[in-house]
Ligand code: URA
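In the numbering used here, the protein residues as written are 6 to 225.
If you want it as structure tokens, here you go:
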């Protein structure tokens with residue numbers, strides 16, 4: 006069974022999750038246009054006993070929504086998987102294909118919203134409807150020590166999931182927020198095409214966040 010074809014569980018929505026009317030309509034339109042694509046909620050990728058969880062925004066239409074693996078085939082995935090490989094969190098060669106054999110090590114990747122939203126913009130209601138899956142994923146990770154959020158939407162949704170005050174933890178690239186004695190939240194600008202093309206996020210800026218996470222995990 007390929008990822009995302011399963012019956013669903015607390016951590017991953019079913020393939021035909023009916024929660025968000027707009028996203029369901031978009032999913033059906035994409036299924037009829039591109040019947041060979043995944044076109045369903047994209048499940049998390051990586052081992053559940055990882056110490057690091059990366060939270061993205063939502064699958065890209067022609068990327069994760071097509072391939073069924075977070076960031077796979079998305080422009081943002083090129084920098085993400087390259088960086089994960091450099092820091093030892095991914096083993097193998099990323100080929101933008103879920104069959105490339107790439108394995109994550111001590112790291113899991115998920116999205117704040119599991120279905121592709123039109124124009125990459127989920128509504129606040131859609132983010133809220135998908136939050137129970139993020140909450141269940143976090144709760145199911147027994148060794149979780151660090152969460153890396155990519156962008157403000159992932160940041161806010163993660164804090165809400167964990168019942169933390171947003172005002173106490175403002176989003177800032179490179180910021181580290183203490184969430185408990187054994188849990189830290191790291192912020193990065195999203196590694197989107199827009200952010201990297203405009204220079205808002207350079208590969209060096211992205212790597213320096215991973216260097217901080219590596220240091221954090223080395224001390225635990
Ligand atoms: N692909 C994903 O899976 N998530 C993002 O946030 C961006 C691209």
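The C-beta atom is built at its ideal place from N, Cα and C for all residues, glycine as well.
Who does residue i pair with in a DSSP beta bridge?
| i | result |
| --- | --- |
| residue 50 | 114 |
| residue 271 | As displayed, the chain neither begins before 6 nor continues past 225, which places residue 271 out of reach and without an answer. |
| residue 182 | 190 |
Leaving out five residues on either side along the sequence, give the residues of the same chain with a beta carbon under 6 Å from the beta carbon of residue i.
| i | result |
| --- | --- |
| residue 25 | 131 and 134 |
| residue 156 | 62 and 195 |
Where does residue i fall in DSSP's three states?
| i | result |
| --- | --- |
| residue 194 | coil |
| residue 98 | coil |
| residue 91 | helix |
| residue 189 | strand |
| residue 71 | helix |
| residue 108 | strand |
| residue 210 | helix |
| residue 135 | helix |
| residue 204 | coil |
| residue 161 | helix |
| residue 176 | coil |
| residue 18 | coil |
Considering only the beta carbon of each residue, do residue i and residue j sit closer than 8 Å?
| i | j | result |
| --- | --- | --- |
| residue 152 | residue 206 | no |
| residue 119 | residue 138 | yes |
| residue 32 | residue 14 | no |
| residue 121 | residue 175 | no |
| residue 192 | residue 172 | no |
| residue 111 | residue 56 | yes |
| residue 73 | residue 101 | no |
| residue 88 | residue 194 | no |
| residue 148 | residue 70 | no |
| residue 99 | residue 80 | no |
If we ignore side chains and look at the alpha-carbon of each, how far apart do residue i and residue j end up?
| i | j | result |
| --- | --- | --- |
| residue 210 | residue 58 | 19 Å |
| residue 1 | residue 188 | Any question about residue 1 goes unanswered here, given that the chain covers just 6 to 225. |
| residue 17 | residue 48 | 6 Å |
| residue 95 | residue 62 | 20 Å |
| residue 46 | residue 145 | 19 Å |
| residue 141 | residue 117 | 12 Å |
| residue 220 | residue 68 | 31 Å |
| residue 154 | residue 28 | 23 Å |
| residue 107 | residue 66 | 21 Å |
Residues in its own chain within less than 8 Å of residue i by CB, not counting five upstream and five downstream?
| i | result |
| --- | --- |
| residue 213 | 179 |
For residue i, I'd like the list of residues in its chain whose CB is within less than 7 Å of its CB, leaving aside the five on either flank, ordered along the chain.
| i | result |
| --- | --- |
| residue 183 | 189 |
| residue 84 | 196, 201, 208 and 211 |
| residue 92 | 215 and 219 |
Would you say residue i lies against chain B (beta-carbon separation less than 8 Å)?
| i | result |
| --- | --- |
| residue 49 | Of the chains in the structure shown, none is chain B; there is only one protein chain. |
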